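Each position in the sequence shown, counted from 1, maps to that position plus 33 in my numbering.
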Amino acid sequence: MTLRRDEWLDLARKVDWSYRYVSEHDMFPPALSGEPWLTHDEAWADWSEVYRTSYSEYVRNQSVKELSVLAVRDALSKPRLHDRLDPAWVQLVKFHQGAFALGEYAAALAELRMCRFGRDSAWRIMANLGALDEIRHTQIPLLLGHDLLEMDDNFDWTHKAYHTNNLIVVATRHFFEDGFLASNAIDIAIQLNFVIETGFTNLQFMALAAMADRADHHVFEKALASIQTDEARHAQIGHPVVRALIRHGGREYAQYLLDKTWWRCWRIFLATTGTPMDYLTPIAARTRSFKEFMQEWVVDQFMRNLEEFEFDLPWFWDLFLEELDYAHHSLQLAHYGYRTMLWFDLPTPSDLERAWLRDKYPTWRQTYEPIWDRIEDAWERQGEAATLTYTLPGLCNLCQLSTVFIGPGKNTACSLKRNGRSYLFCSQPCRWIFEHEPQRFGSHRTVVDRVVTGEAPSDLLDLLVWMGHDTPESRGRDLRRRRLEPVP
Ligand code: MN
Ligand code: MN
Numbered sequence: 034m035t036l037r038r039d040e041w042l043d044l045a046r047k048v049d050w051s052y053r054y055v056s057e058h059d060m061f062p063p064a065l066s067g068e069p070w071l072t073h074d075e076a077w078a079d080w081s082e083v084y085r086t087s088y089s090e091y092v093r094n095q096s097v098k099e100l101s102v103l104a105v106r107d108a109l110s111k112p113r114l115h116d117r118l119d120p121a122w123v124q125l126v127k128f129h130q131g132a133f134a135l136g137e138y139a140a141a142l143a144e145l146r147m148c149r150f151g152r153d154s155a156w157r158i159m160a161n162l163g164a165l166d167e168i169r170h171t172q173i174p175l176l177l178g179h180d181l182l183e184m185d186d187n188f189d190w191t192h193k194a195y196h197t198n199n200l201i202v203v204a205t206r207h208f209f210e211d212g213f214l215a216s217n218a219i220d221i222a223i224q225l226n227f228v229i230e231t232g233f234t235n236l237q238f239m240a241l242a243a244m245a246d247r248a249d250h251h252v253f254e255k256a257l258a259s260i261q262t263d264e265a266r267h268a269q270i271g272h273p274v275v276r277a278l279i280r281h282g283g284r285e286y287a288q289y290l291l292d293k294t295w296w297r298c299w300r301i302f303l304a305t306t307g308t309p310m311d312y313l314t315p316i317a318a319r320t321r322s323f324k325e326f327m328q329e330w331v332v333d334q335f336m337r338n339l340e341e342f343e344f345d346l347p348w349f350w351d352l353f354l355e356e357l358d359y360a361h362h363s364l365q366l367a368h369y370g371y372r373t374m375l376w377f378d379l380p381t382p383s384d385l386e387r388a389w390l391r392d393k394y395p396t397w398r399q400t401y402e403p404i405w406d407r408i409e410d411a412w413e414r415q416g417e418a419a420t421l422t423y424t425l426p427g428l429c430n431l432c433q434l435s436t437v438f439i440g441p442g443k444n445t446a447c448s449l450k451r452n453g454r455s456y457l458f459c460s461q462p463c464r465w466i467f468e469h470e471p472q473r474f475g476s477h478r479t480v481v482d483r484v485v486t487g488e489a490p491s492d493l494l495d496l497l498v499w500m501g502h503d504t505p506e507s508r509g510r511d512l513r514r515r516r517l518e519p520v521p
């Protein structure tokens, strides 16, 4: 007699047993399994995901998804295919690939930690499938990046980026190491599954996929959409973990992780997705602005999650909403000035793009357009050298980004003294996170700290080499003018 799926699946998902040779506490130590530490019987035995998947279903579904990405890649792999892509869009893809390909690999390791140290077998099985997903999310961008090498050598940053000390990569690596690699199973379920995957990955994969479609980059679109279907499945790990925590006195702790992760995501995604969406996407492909995407895909979903568990809004919510109008515009100006430290090129906004920005962000005309005017003017009258920033930016000791989040009439940077060392922060929420976990973050040094202590070279060209930009071609340029003169 053959058992039907529903007759065996629950039995196969729930294979927890009593340990005879070690205690449950030794089997799942708090440092790796997380806290509050609770016995399986009291807190975890009823752990359950909403959509159940067996291993054979997983393999079948993934194989179909894999083949359909490869089919698009094959159908499109004609010579000169990439010539049709908008040059600014190519920079967006290069930025995205470098910033995220190996971040996905960090997520694979996080899923594997839950696969061993998650407290219920159903959780561990879901995380096992999640780890396989994340390995796939690393391999697909590596493959596409490799294909794109034929048009641009800097697509090697897809793999190379995380092995360098590039300014932006240090920030993304800091974020992924904090949230994924140096975390226990409970923290990972909240940070990665509950906050990042139910909220922010929509921005990456739904919003960016819609833009890729309009930008005629169909293999990239297909890859992003395919990745998102995996995220949606393993993201369900978060909810039952949050539920167990709330039931057993962990509400306050969960709220802290929620607030912390939201803010850290906001900083990283405005830097790596916000700026390219509003400055590198061809106008015809801009289905929405970054702010509109954030409101529609990220904020709404996050609000639903908060309501479901009666969490409070993060205390910095008003600042976050204000920043939707200006933070990524400020950072874009900083990036343009420091473009030699990037592995992709950046344009100054064209007339058409300026009109779009004025329309989407009513304060842009007043706050940012005059600065771009001055840059255009500098190009005109003094040449490229006058459009580059030569002094190093102040970097935030938490998010590692330039402390340039200056809104109209308001500088959000702040500082802190601790054990004789001064720390700089881009904002109160970054300082608040640091103060919550000073042991965790206190000894890390930003790129600028490293220059000051002599660990990194202070000469700009030497520093570029130190950051992985060892040839002039590996450094960012003005996208439309290219480089006109050797940069002093
Ligand atoms: Mn992923
Ligand atoms: Mn994931």
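Think of the CB as a built atom: it goes at the ideal place given N, C-alpha and C, for glycine as much as any other residue. Note that the coordinates shown come from a computational prediction; the quantities given were computed from them, not determined experimentally.
Notebook entry, point to check: For ligand 1, any of its heavy atoms closer than 7 Å to the Cβ of I260?
Noted result: Yes, since a heavy atom of ligand 1 falls inside the 7 Å radius drawn around the Cβ of I260.
Next item on the list: Assess, as a yes-or-no matter, whether the segment 79–96 is touched by the segment 37–51 under the definition of 3 or more beta carbon pairs within less than 8 Å.
Entry: yes
Note to self: Just verifying my parser: in three-state terms, what is the DSSP assignment at F438?
What the structure shows: coil
Margin query: Nearer than 7 Å: is that true of the beta carbon of H170 relative to any heavy atom of ligand 1?
Written below: yes
Notebook entry, point to check: For the 8 Å Cβ check, are there 3 or more pairs between the segment 412–429 and the segment 392–402?
Noted result: no
Check: To the nearest angstrom, how far is it from the Cα of L175 to the Cα of A141?
Finding: 15 Å
Checklist line | N444, DSSP secondary structure in three states | finding: Strand at N444.
Check: So, helix, strand or coil for Y52, using DSSP?
Finding: coil
Notebook entry, point to check: Can you tell me whether Q472 is buried or exposed, with buried defined as 16 or more other CB within 10 angstroms of its CB?
Noted result: exposed
Checklist line | Counted within 10 angstroms of its Cβ, other Cβ atoms place I466 as buried (16 or more) or exposed | finding: buried
Item checked: Range of the contiguous alpha helix (DSSP H) that encloses F474 -> Per DSSP, F474 belongs to the alpha helix (DSSP H) from P471 to F474.
Margin query: Between the segment 113–132 and the segment 248–261, can you find at least three pairs of beta-carbon atoms closer than 8 Å?
Written below: yes
Check: Would you say A292 and P380 are within 8 Å of each other, going by their C-beta atoms?
Finding: Before going further, note that residue 292 is Asp rather than Ala in the sequence given. The answer is no: Cβ separation not under 8 Å.
Item checked: Proximity winner among I223, L236 and Q328, relative to G283 (alpha-carbon distances) -> I223
Check: Mapping DSSP to helix, strand and coil, what is D119?
Finding: coil
Note to self: Just to confirm, is the Cβ distance from R169 to S66 under 8 Å?
What the structure shows: The answer is no: Cβ separation not under 8 Å.
Note to self: Given this structure, state the Cα-to-Cα distance separating Q334 from Q328, to the nearest angstrom.
What the structure shows: Roughly 9 Å separates the two Cα atoms.
Note to self: Could you check whether the Cβ of E99 sits closer than 7 Å to any heavy atom belonging to ligand 1?
What the structure shows: no
Next item on the list: Go ahead and label W295 buried or exposed: buried means 16 or more other beta carbons lie within 10 angstroms of its beta carbon, across all protein chains shown.
Entry: With 16 or more Cβ atoms within 10 Å of its Cβ, W295 is classed as buried.
Check: What residue from F377, I221, L366 and A215 has the CA that sits closest to D406's CA?
Finding: L366
Notebook entry, point to check: Between W389 and R319, which are expected to be in contact by the criterion C-beta below 8 Å, what is the C-beta distance as a whole number of angstroms?
Noted result: 7 Å
Notebook entry, point to check: Three-state secondary structure (DSSP) at L290?
Noted result: helix
Item checked: Coarse secondary structure for F458, derived from DSSP in three states -> strand
Next item on the list: Just the C-alpha distance for P120 and L512, rounded to the nearest angstrom, thanks.
Entry: 8 Å
Notebook entry, point to check: For K450, is the classification buried or exposed, using 16 other Cβ atoms within 10 angstroms of its Cβ as the cut-off for buried?
Noted result: exposed
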